[in-house]
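Remarks on the structure that follows.
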Amino acid sequence: MDHAAAGPPDAGSPGAQSLPGCYRHPDRETGIRCTRCERPICTDCMVNASVGFHCPDCAAGRTPGATGPAPSASRP
Numbered sequence: 001m002d003h004a005a006a007g008p009p010d011a012g013s014p015g016a017q018s019l020p021g022c023y024r025h026p027d028r029e030t031g032i033r034c035t036r037c038e039r040p041i042c043t044d045c046m047v048n049a050s051v052g053f054h055c056p057d058c059a060a061g062r063t064p065g066a067t068g069p070a071p072s073a074s075r076p
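The opening residue of the sequence shown carries number 1 in the working numbering; numbering runs sequentially from there.
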């Protein structure tokens with residue numbers, strides 16, 4: 001009997017999970033997400049960040065929360 005390793009499931013087979021599409025290019029499946037806003041991004045949209053990749057909007061500071069770390073509460 002041949003016990004060759006099975007490849008990844010076909011897109012049409014039961015149990016196959018499809019990847020989300022890039023938020024700017026919905027026809028491009030991607031497993032990459034912006035480390036700031038968590039939106040799916042393709043390789044054309046990802047921008048290198050100090051940690052991971054950002055989407056173009058977060059890299060340009062155009063999304064909520066993209067202005068830097070949350071301010072710390074001042075202590076009395």
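All C-beta atoms in this analysis are idealised placements derived from N, C-alpha and C, irrespective of residue type, glycine included.
> Count the other CB atoms within 10 Å of the CB of D44; is the residue buried (16 or more) or exposed (fewer)?
Replying inline: Here residue 44 refers to the residue found at position 44 when the sequence shown is read from its first residue. By the 10 Å Cβ count, D44 comes out exposed.
> Quick one: what does DSSP say P20 is sitting in, helix, strand or coil?
Replying inline: Locating residue 20 in the sequence shown gives position 20, where the first residue counts as 1. In this structure, P20 counts as coil in the three-state DSSP scheme.
>> Tell me which residues share the same chain as A59 and place their Cβ nearer than 6 Å to its Cβ, disregarding the 5 neighbours each side in the sequence.
In response: For the purposes of this step, residue 59 is taken as residue 59 along the sequence shown, with counting starting at 1. For A59, where only same-chain residues beyond five positions count, the Cβ hits under 6 Å are V47.
> Quick one: Cα of T63 to Cα of T30, how far?
Replying inline: Working through the sequence shown from its first residue, we reach residue 63 at position 63. Working through the sequence shown from its first residue, we reach residue 30 at position 30. Computed Cα separation, rounded: 20 Å.
> For C55 versus C37, is the C-beta distance shorter than 8 Å?
Replying inline: For the purposes of this step, residue 55 is taken as the residue at position 55 of the sequence shown. For the purposes of this step, residue 37 is taken as the residue at position 37 of the sequence shown. Going by C-beta atoms, C55 is nearer than 8 Å to C37.
> Which full runs of the alpha helix (DSSP H) of 4+ residues lie inside the segment 36-60, going along the chain?
Replying inline: 56-59
>> Closest to I41 by C-alpha separation, out of R24, Q17, S18, would be which residue?
In response: Working through the sequence shown from its first residue, we reach residue 41 at position 41. Measuring from the Cα of I41, the nearest candidate turns out to be R24.
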